[in-house]
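Participant: What follows is a structure written as structure tokens; I'll ask about it next.
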Amino acid sequence: MRSGFFLAVPSIFSWSKILKYLMRDPHEIAYRVEKRRIRRGFLIDGVKVLCEITYHPRLKNLSVAILNNVVCSDSIRAQLTDFISDWFDLDQDLSTFYEMAQTDPILHSVVKKQAGLRLVGIPDLFEALVWEIVGQEITVNFALSLKNSFIQKFGQTIQYQDKTYWIFPDPETVAQADKETLLGLKLTNHKAEYLLDISQKLARGEMTKEHYCQFDNFEDAEKDMTKIRGIGPWTANCILMRCIKQGDAFPMNDVGLLNGIKTLEKSDQKPSKEKMLQLKKRWGNWCSYAVFYIWNNFY
DNA sequence: CACCAGGACTCGG
DNA sequence: CCGAGTCATGGT
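Here's what the structure looks like:
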């Protein structure tokens, strides 16, 4: 028994570019990409749901099918719709970004090369926090491998046709762990403490995505978010970019961003702070897209 | 061995 | 507010 639904796709949209991004880690277990389809497991209203997303170019839509034996209730459908729309940023019109990029010396080639890539978000606040905190000051590849061990340590699984699908852990589960368990994943002392602390805050309802979505400018949201131990300016901006979807979020000191701009400008040194402030102003509400495109331009 | 990788904290000034 | 020192994994 299969059940599912469809989601319309915006005009500037490249499934291939999205899949390429999603396949940057061959060992990724938060989802699985196979034959141009994405499968991902969820825990929705206490029920394990395995869904498969397929792109239909002619119909310009995505089909979302539930593979395991679960009826697609209105609630499940609504939550999957929210998640997937957020994941691939389906509700955003990129035309003004592309217009701006056309005459922008840095973005021009980047947008051309990655035409149709959407800002791949991290819809779940806990997952975004884990990813960004784990990723502090290490290479992306190392961060990806740590994230996978984290999921395998705390996540539940769905078995389907001889394959295992992992569900990203709940904060409640991680909140009950002891620090040694996290240290065993090769996280540093600091990161283990940050993650325990934040899991407990989420589990107790002291941190919610809705709260951070209330701010209408990113400065206020950043200021509020950096009150939390373990969240500095870089982490706050990354979460605002990829989870809260603040267009003007801009991790200005990010090493990858600085190196990317350096390469694009064929310069022998990283851009200055003044230069970065100029770019922030120039890119305005499209800063987050600019950053995401630059990050992925050299992969 | 040094240095870097999509940083954050504390503390002294 | 800012700079230096500290933390501490893994690849090159």
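First residue of the first sequence: 27, per our numbering; consecutive thereafter.
All C-beta atoms, glycine included, are put in the ideal place defined by N, C-alpha and C.
Quick caveat: nothing in here was measured; it's all calculated off a predicted structure.
Select from Lys179, Thr289 and Met267 the residue whose C-alpha is nearest the C-alpha of Ser135.
Facilitator: Position 109 of the first sequence, counted from the first residue, corresponds to residue 135. Residue Thr289 is the option with its Cα nearest to Ser135.
Participant: Could you give the DSSP three-state label for Phe318: helix, strand or coil?
Facilitator: Position 292 of the first sequence holds residue 318. Of the three classes helix, strand and coil, the one that applies to Phe318 here is helix, per DSSP.
Participant: Along the chain, where does the beta strand (DSSP E) that runs through Ser89 open and close?
Facilitator: Taking the first residue of the first sequence as position 1, residue 89 is located at position 63. Taken as a continuous stretch (DSSP letters only), the beta strand (DSSP E) holding Ser89 covers Asn87 to Ile92.
Participant: From Gly30 to Glu158, what distance separates their C-alpha atoms?
Facilitator: Translated into the one-based positions of the first sequence, residue 30 becomes position 4. Translated into the one-based positions of the first sequence, residue 158 becomes position 132. Approximately 32 Å, taken between the alpha carbons.
Participant: Could you tell me the alpha carbon to alpha carbon distance between Ala154 and Arg66, rounded to whole angstroms?
Facilitator: Walking along the first sequence from the start, residue 154 turns up at place 128. Walking along the first sequence from the start, residue 66 turns up at place 40. Those two C-alpha atoms are separated by around 16 Å.
Participant: When we look at the beta-carbon of Leu85 and count the other beta-carbons within 10 Å, is it buried (16 or more) or exposed?
Facilitator: To locate residue 85, count along the first sequence from 1; it is residue 59. Per the 10 Å Cβ criterion, exposed.
Participant: With distances taken between CB atoms, is the gap from Ile102 to Val75 smaller than 8 Å?
Facilitator: Numbered from its first residue, the first sequence carries residue 102 at position 76. Numbered from its first residue, the first sequence carries residue 75 at position 49. Taking 8 Å as the Cβ cut-off, Ile102 and Val75 qualify as a contacting pair.
Participant: Based on Cα-Cα distance, which residue from Thr107, Asp100 and Asp71 lies nearest to Leu88?
Facilitator: As a working note, residue 88 is residue 62 in the first sequence. Selected option, being the one with the closest Cα: Thr107.
Participant: Which runs of the beta strand (DSSP E) at least 3 residues long sit entirely within the segment 150 to 194? Give them in chain order.
Facilitator: Listed in chain order, the complete beta strand (DSSP E) runs (minimum 3 residues) inside the segment 150 to 194 are 182 to 186 and 189 to 193.
Participant: From which residue to which residue does the alpha helix (DSSP H) around Ile102 run?
Facilitator: Looking up residue 102 in the first sequence gives position 76. Looking at the DSSP string, the run of the alpha helix (DSSP H) that includes Ile102 is Asp100 to Trp113.
Participant: Please report the residue range of the beta strand (DSSP E) in which His82 lies.
Facilitator: As a working mapping, residue 82 is identified with position 56 in the first sequence. Where His82 is concerned, the enclosing beta strand (DSSP E) stretches over Val73 to His82.
Participant: For Asn215, count the other beta carbons within 10 Å of its own beta carbon; 16 or more makes it buried, fewer makes it exposed. Which is it?
Facilitator: Within the first sequence, the letter at position 189 stands for residue 215. When all chains shown are included, Asn215 counts as exposed.
Participant: Considering only residues of the segment 30 to 71, which uninterrupted alpha helix (DSSP H) runs meet the minimum length of 4 residues and lie entirely inside it, listed in chain order?
Facilitator: Complete alpha helix (DSSP H) runs here, min 4: 41 to 48.
Participant: Is Val96 helix, strand or coil by DSSP?
Facilitator: Taking the first sequence and counting its residues from 1, the one referred to as residue 96 is at position 70. Val96 falls in the coil class under three-state DSSP.
Participant: Nearest-angstrom Cα distance between Gln178 and Arg50?
Facilitator: As a working note, residue 178 is residue 152 in the first sequence. As a working note, residue 50 is residue 24 in the first sequence. Rounded to the nearest angstrom, the two C-alpha atoms are 19 Å apart.
Participant: By DSSP, does Glu236 sit in helix, in strand, or in coil?
Facilitator: Residue mapping note: residue 236 aligns to position 210 of the first sequence, counting from 1. Glu236: helix per DSSP, three-state reduction.
Participant: Have a look at Thr129, Pro195, Lys138 and Gly161 and flag the residue whose alpha-carbon is nearest the alpha-carbon of Phe152.
Facilitator: What you label residue 152 is simply residue 126 of the first sequence in a count that begins at 1. Nearest option by C-alpha distance: Pro195.
Participant: Is Ala104 buried or exposed, if buried means 16 or more other CB atoms sit within 10 Å of its CB?
Facilitator: Indexing the first sequence from 1 puts residue 104 at position 78. By the 10 Å Cβ count, Ala104 comes out exposed.
Participant: Just the Cα atoms here: how many angstroms apart are Trp192 and Ile55?
Facilitator: Position 166 of the first sequence, counted from the start, is the residue given in the question as residue 192. Position 29 of the first sequence, counted from the start, is the residue given in the question as residue 55. Trp192 and Ile55: Cα-Cα distance of roughly 6 Å.
Participant: Consult DSSP for Phe324 and reduce its assignment to one of helix, strand or coil.
Facilitator: Taking the first residue of the first sequence as position 1, residue 324 is located at position 298. Three-state DSSP puts Phe324 in coil, outside helix and strand.
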